[in-house]
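Protein chains in written order, with the numbering used here: chain V, 1 to 428; chain D, 1 to 871. For glycine and all other residues, C-beta sits at the position ideal for the given N, C-alpha and C. For reference, the structure is listed below as structure tokens.
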Amino acid sequence: MNDILLKNINKQNSTDIETYLKDGGYKPLEKALKEYTPKEVIDIVQKSGLRGRGGAGFPTGKKWEFAAADKNTPRYLLCNADEGEPGTYKDRPIIEKDPHQLIEGIIISGYAIGAAACYIYIRGEYVYGADVLQKAIAQAYKKGFLGKKILGKKFDFDLYVHKGAGAYVCGEETALIESLEGKRGQSRIKPPFPVNVGVWNKPTVINNVETLANVSHIIKNGPDWFKSMGPEKCPGPKIYSISGHVNKPGNYELIMGTSLKDLIYKYAGGIKDGKKLKAVIPGGASTPVLKPEHIEVNMDYESVGAVGSMLGSGAIMVMDETVCMVGVTRRLLKFFAHESCGKCSPCREGTHWLVQILDRIVNNEGKTEDIDLMLDICDNMRGKTFCPLGDGAINPVLSTIKHFRDEYLIHIEEKRCPVNYPHSEYCL
Amino acid sequence: MVKLTINNKIVEAPDGMLLTEAAKMAGIEIPTLCYHPELQPYGGCRLCLVRIEKMPKLQTACTTRVCDNMVVTTESPEIAKARKGMLEFVLTYHPLDCPICDKGGECELQNLVFKFGSGFRRYAEDIEEYTIDTNDPLIDRELDRCVRCLRCVRVCDEVQGVTNLTAYNRGSHTEIGPFMGGSIFDCEYCGSCVAICPVGALTSKLFKYKARPWQTKRTDTICTYCGCGCQFALETRDGDVLRVVTDYEKGVNEGSLCTRGRFGYSFVNNKKRLTAPLIKTNTKLEPTSWDEATDIIADRFKKIIENNGPDAIAGIITGHCTNEDIYLFQKFMRLAIGTNNIDSAARFGYVNAMSAIKQVIGSKRFEASLDDVANADVILSISTNITEVNPIAGLKVRRAAKRGAVLIVADVQDTDIAKFASQNLIIKSGSERWFIHGLVKAVIEKGFYDKKIYKDYKKFIDNLENIVKGLSFKEIEEKTGISEKDIIEAAKAYSKAKKGVIIFGQGITHQQDGYKSSLNLLDLCIITGNIDSKGTAILPLCDENNEYGALEMGAAPEFLSGFLNAGAAKDREIISKIWDKKIPAKKGLTMPEIFNGILKGKIKALYIIGENPAGTFPQKSEFYEALQKLDFLVCQDLFPTATCELADVVLPASSFAEKDGTFTNMEGRAQKIEAAINPVGDSRPDWQIFSALSEKMGYPMDYDNADAILKEIAQVIEGCNSKGEGSAIENYVKTSVKELRAIYERKEEKAPAKFPFKLMLGPVLFHSGKLSGYSEGPVRILPEGRLKINPNDADRLGIIEGDKALLKNANGEVKVKVEITDRMPEGLLFYPEHFMYPAVRNLCKIDIDKDTKANYFKSAFVAVERHVPEH
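See the structure below:
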């Protein structure tokens with residue numbers, strides 16, 4: 001546990017470049033620049049099987065290959081540090097405690113795709129993280145890892161930190177680009193895809209912080225080492241953020257595909273106060289809720305998909321028996337309605353409508369037909385919104401109606417909260 | 001072309017075309033709301049969802065581009081449900097107030113819901129409150145009706161390049177409003193946002209509650225304001241013009257309009273219109289019949305001809321009349337009266353440009369195109385605040401610049417178009433000629449000229465080189481404030497252009513030596529090879545819509561119809577043959593000569609159509625005095641003007657909305673206008689008045705309609721073109737050194753120590769001519785003129801925003817409200833020429849151009865102080 005991506009975070013002065021160098025830091029960069037051509041770096045990453053850790057799981061090497069093949073220059077690399085998915089805080093320790101691991105990964109990636117510069121788009125709330133990154137970048141410039149003629153090679157590369165302004169949707173790559181360009185944070189039409197027409201209409205690769213952090217380790221240890229970890233289709237380490245009613249919430253870096261049961265009971269110390277597990281959201285707020293019966297699932301893209309949910313960002317939210325699922329759904333939908341950018345009508349109006357219905361239900365003013373109405377609203381949204389935000393927003397509704405319909409019925413028909421705990425005003 | 005299948009029908013469409021458009025071509029309707037063919041794909045409303053084979057989800061047809069073998073289904077239960085669902089989302093908060101919404105009947109949402117929507121509303125939750133703002137002078141904003149398609153925001157950005165509108169807030173709280181906040185749009189008021197709004201969220205105050213769209217009649221016609229010649233349709237009902245609408249597929253303007261075009265129509269039905277002929281009995285103008293009025297005019301004209309000869313009568317016509325009107329007027333003057341004393345508003349400056357162009361290109365018809373502007377790779381825009389004076393031409397420049405064209409702007413003030421410029425050169429007022437000569441110098445001395453041209457016109461270029469040698473870059477910088485480096489950079493960019501376009505405006509044409517400056521610019525075109533090749537253009541802007549036509553029809557002493565030379569017997573012969581009557585040979589008088597003639601007692605009678613010299617000439621000028629000295633003054637106009645008050649007979653003319661005919665815009669493009677309503681009151685189209693008068697003068701010019709006149713015009717112009725002269729540039733480049741030297745003379749104007757500020761009068765965006773002042777729209781936006789002054793000047797004078805300034809010089813003094821703006825350089829003042837009161841024009845003096853007799857009265861040197869109000 002915690003032996004690759006998070007191995008440095010508890011060291012003293014972990015953000016200092018000297019600490020990082022002492023531990024062999026920036027050696028992989030040297031290796032990449034001196035021993036491999038950019039194309040070879042891409043091949044290595046392709047071979048390693050690294051898939052994006054932002055939630056969609058797109059093969060990283062493939063993405064790089066597409067962008068590198070586009071003759072339009074300059075190309076850009078964007079580091080998506082807009083960690084906004086509720087429950088997710090896996091990138092935060094990397095940014096705040098081990099920035100050089102990220103920076104090194106960025107430089108190698110930039111070298112691979114032939115990028116002129118990289119922008120780290122960091123969520124506005126990570127004020128401290130942005131500060132740490134700025135300082136670390138300054139150190140890297142000083143050491144000659146950034147700027148002109150890096151390590152004496154014909155490779156110029158700049159790195160900037162750009163703070164977001166607080167919109168969840170800007171974690172979606174095209175909205176992130178719009179925001180970076182100074183525009184309203186709304187998704188763009190795809191195609192063209194960012195790998196061809198990205199920021200300032202140039203070929204652009206957008207990678208998650210955790211994805212980029214893996215790169216130096218792959219260069220250092222080779223693709224076979226990486227591939228040997230975890231499932232074949234999706235190898236490597238994965239940081240899981242566990243929150244909710246567990247004894248030891250926190251980040252756990254484990255091998256991809258660790259079982260949910262192990263995560264909750266072995267690593268996070270089990271359910272708090274000996275209560276019963278009621279539900280788990282396995283991959284952040286936009287992933288469908290799972291029931292205790294799904295707990296044996298291995299936490300990788302394929303396995304979680306097979307039980308009707310998604311790995312997402314790997315943010316596991318654990319809920320015990322004291323939680324009203326209607327209340328949880330309402331709370332989540334309020335988030336999505338608040339964050340809907342307003343560009344497309346199904347997401348803009350649908351999320352808002354769902355919140356209003358859920359509001360009524362938790363206030364015991366629901367009507368029997370509300371459940372069908374919500375299902376129909378979700379059906380009108382599913383697959384029809386402009387970007388994935390709308391699709392993500394209906395997941396809590398659909399999955400809680402599927403798994404916890406009885407709780408809705410109690411709220412609607414018996415005009416009370418199904419959970420008899422003192423803090424069941426949760427649902428309000 | 002690609003082949004795809006839509007609903008089992010094989011459809012061929014250009015590769016990359018949007019699926020909505022391809023389907024439309026094939027006659028298959030896909031409903032859309034946020035989509036607009038003028039705008040970039042957006043994909044917000046999701047109404048156009050269709051099923052495309054091999055795609056996991058429904059796709060929006062408005063963002064999908066067609067490709068070979070695409071298989072599309074646009075009708076299925078799944079799609080019908082999706083559409084119904086999307087419309088339900090759009091309608092969640094939308095008030096169902098169609099009966100009182102002004103958009104009813106032409107609301108896209110209403111139509112869509114009727115066709116594809118549900119008859120039942122499931123949304124039963126609270127309705128949020130949205131901004132309903134009716135504070136703006138022209139545009140009402142009712143955001144409860146807004147569907148967030150952002151078409152208004154996008155058209156403002158993508159088409160108009162103004163970016164005044166924005167969406168603020170997020171999600172279901174998204175609202176549309178001015179970027180700077182507040183309720184007042186405070187923009188160019190082009191009205192594109194109102195026109196493109198699919199629902200009743202943005203509506204025009206002027207049209208509101210006047211009519212339902214099905215009750216109005218639409219008539220395609222051409223705008224009567226500036227020389228762009230924009231096409232639009234007038235919507236009328238019971239003789240009232242209710243609004244102006246456009247079609248993005250029609251006209252040079254492609255659906256765009258400026259505020260004058262969009263909102264400046266209500267002068268047509270203004271209650272102040274002249275509705276009956278008036279004659280002066282004692283000192284008062286009294287209504288009379290047409291018969292009596294024309295009898296009096298014919299009688300008096302005949303008597304004057306008898307006593308003083310035909311050359312004692314002169315006529316002046318506005319550039320707002322149709323070609324048919326103007327053609328008939330000059331024919332009337334030349335044949336029925338028998339004089340060449342005829343002139344038009346083009347004499348205020350546009351004649352300079354056209355005379356110069358004719359000098360260079362000869363008998364060939366001058367044509368330039370706004371498309372050339374939009375497609376240019378380098379645009380040199382000189383001395384014009386183009387986005388205000390000729391906004392649609394300005395739009396083309398913006399478009400070119402946004403597309404990546406190099407835009408070089410040179411003007412005495414910081415103009416709006418300059419924000420798109422690669423070079424914004426602010427030159428000192430009065431130094432325009434130094435600047436142009438500097439460009440010529442740079443092109444020649446740095447060898448930027450076209451090498452092939454040099455072979456052909458070696459002598460010409462060598463001559464020019466000799467002439468500009470005497471002018472140093474140091475002197476140029478001293479006079480213009482532009483460095484050698486900047487001049488060379490501009491000259492280089494323009495010389496290297498493949499599609500170089502020069503645009504010049506009032507700052508050249510309506511100033512001293514306007515003719516010479518125009519020639520100098522043409523020289524620049526010639527030596528850089530930017531004159532004849534495809535895509536290049538030189539375009540003088542004109543601020544009255546048919547000034548080109550006024551000159552082409554022959555409303556000038558020196559020009560016959562088709563720009564034939566009135567001084568040449570051969571040319572007169574061509575037209576005399578068609579007219580079957582001899583054109584008088586005696587040289588006619590230009591406008592300033594006419595006024596001088598009046599003062600000298602040579603001109604006894606003046607026939608003025610649509611011009612108002614008593615209201616526009618400086619009162620201290622001799623010309624103003626001259627008006628009082630006339631024996632007989634006939635005024636033909638839409639409105640009772642100051643000149644009408646002096647007139648013996650006043651004839652009510654019909655406006656552009658009431659007549660048929662053609663206008664020729666600054667491109668040289670003649671465009672048809674069509675009567676949308678019957679003549680207001682007892683007014684008549686101008687040509688009918690000339691026709692009636694000619695009969696009484698004993699030379700009947702009888703035409704069934706405007707079309708019959710147009711046929712005759714066509715015949716005459718064809719006659720001119722058959723003259724068949726060779727390339728006139730060949731002749732022009734043979735101009736002697738002496739003559740060339742003369743057109744490169746520079747006269748410096750110096751501000752007298754007592755009057756250190758230079759005051760300039762000129763057109764502004766919201767008004768031009770007098771018509772806009774009778775239109776509710778422009779008056780609401782800009783009810784009064786303000787003197788623009790630089791902040792440092794204002795500071796020195798102790799003037800703050802809202803103050804009045806006192807302008808003084810030998811001609812008098814005027815109090816005027818100020819607008820402090822850093823767009824004006826120090827020492828320069830600007831006042832909109834449109835406003836008659838306060839009479840700032842009275843400070844100006846009249847200058848007359850030596851070459852073309854153009855008369856200028858748009859500038860003055862003045863002293864400024866803060867006006868201290870009396871308590």
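| query | result |
| --- | --- |
| With 9 Å as the limit, tell me which residues of the segment 90 to 119 of chain D have their beta carbon closer than that to any beta carbon of chain V; keep them in chain order. | V90, L91, T92, Y93 |
| Which residues in chain D sit within 8 Å of C344 (chain V), going by Cβ to Cβ distance? | G43, G44, C45, R46 |
| Pull up the DSSP beta-bridge partners for F157 (chain V), would you. | V:G147 |
| Give the residues of chain D in contact with S340 (chain V), contact being defined as C-beta atoms less than 8 Å apart. | R170, G171, S172 |
| Distance, Cα to Cα, W353 (chain V) vs G200 (chain D)? | 23 Å |
| Taking G481 (chain D) and I427 (chain D) to be in contact with their CB atoms under 8 Å, please state how far apart those CB atoms are, rounded to whole angstroms. | 6 Å |
| Does E296 (chain V) get closer than 7 Å to chain D when you measure Cβ to Cβ? | no |
| Please determine, among V:Y301, V:H100, V:N10, the residue with the shortest C-alpha to C-alpha distance to S216 (chain V). | V:H100 |
| For N164 (chain D), I'd like the list of residues in its chain whose CB is within less than 7 Å of its CB, leaving aside the five on either flank, ordered along the chain. | C156, P178, F179, F185, C187 |
| Shortest alpha-carbon distance to Y76 (chain V) belongs to which of V:T400, V:G105, V:V197, V:D370? | V:V197 |
| What does L58 (chain D) touch in chain V if you count any residue whose Cβ is under 8 Å from its own? | G383, K384 |
| Hey, how far is the Cα of I44 (chain V) from the Cα of V195 (chain V)? | 19 Å |
| Tell me which same chain residues have a C-beta within less than 8 Å of the C-beta of V840 (chain D), skipping the five on either side of it? | L759, L761, G785, L787, L807, V814, V816, Y831 |
| For the segment 75 to 87 of chain D, which residues have a beta carbon sitting closer than 7 Å to at least one beta carbon of chain V? | A82, G85, M86 |
| So what's E188 (chain D) in DSSP terms, helix, strand or just coil? | coil |
| When the cut-off is 7 Å and only beta carbons count, does W353 (chain V) lie next to chain D? | yes |
| For G724 (chain D) and K734 (chain D), I'd like the C-alpha separation in whole angstroms. | Note on G724 (chain D): pLDDT 49, under 50, position unreliable in the model; the coordinate value appears next. If you take the alpha carbons of G724 (chain D) and K734 (chain D), they lie about 20 Å apart. |
| Could you give the residue range of the beta strand (DSSP E) that holds T203 (chain D)? | 202 to 204 |
| In terms of alpha-carbon separation, which member of D:G315, D:K358, D:T322, D:L521 lies closest to G338 (chain D)? | D:G315 |
| For the candidate residues D:E776, D:K331, D:N842, D:E128, whose alpha-carbon lies nearest to that of D580 (chain D)? | D:K331 |
| From the DSSP output, which residues share a beta bridge with H767 (chain D)? | D:V764 |
| Measuring only between beta-carbons, confirm whether E125 (chain D) sits less than 7 Å from chain V. | yes |
| Are the beta-carbon atoms of L33 (chain D) and L19 (chain D) separated by less than 7 Å? | no |
| Where does D702 (chain D) sit, in a helix, a strand or coil, going by DSSP? | coil |
| According to the neighbour-count rule (16 or more other Cβ atoms, all chains shown, within 10 Å of its Cβ), is L96 (chain D) buried or exposed? | exposed |
| According to DSSP, simplified to helix, strand and coil, what is N546 (chain D)? | coil |
| When you compare the segment 338 to 356 of chain D with the segment 503 to 510 of chain D, are there three or more beta-carbon pairs, one atom per stretch, that lie closer than 8 Å? | yes |
| Strictly below 9 Å CB to CB, what residues from chain D border A433 (chain V)? | Given a span of 1 to 428 for chain V in the structure shown, any question on residue 433 (chain V) remains unanswerable. |
| By the 8 Å beta-carbon criterion, what residues does the segment 166 to 197 of chain V contribute toward chain D? | A167, R184, I189 |
| Can you list the residues of chain V that R122 (chain D) reaches, using a CB-CB cut of under 8 Å? | L373 |
| Would you call the CB atoms of P685 (chain D) and S654 (chain D) closer than 7 Å? | yes |
| For chain D, is any of its Cβ atoms less than 7 Å away from the one on R330 (chain V)? | no |
| Using a Cβ-Cβ cut-off of 7 Å, state whether N364 (chain V) counts as contacting chain D. | no |
| Spatial neighbours of F336 (chain V) within its chain, please: C-beta separation below 6 Å, excluding the five flanking residues on both sides. | T351, A393 |
| Closest by CA to L710 (chain D), which one among D:S561, D:D543, D:S422? | D:S561 |
| Show which residues of chain V have a CB atom less than 7 Å away from the CB atom of L49 (chain D). | K384 |
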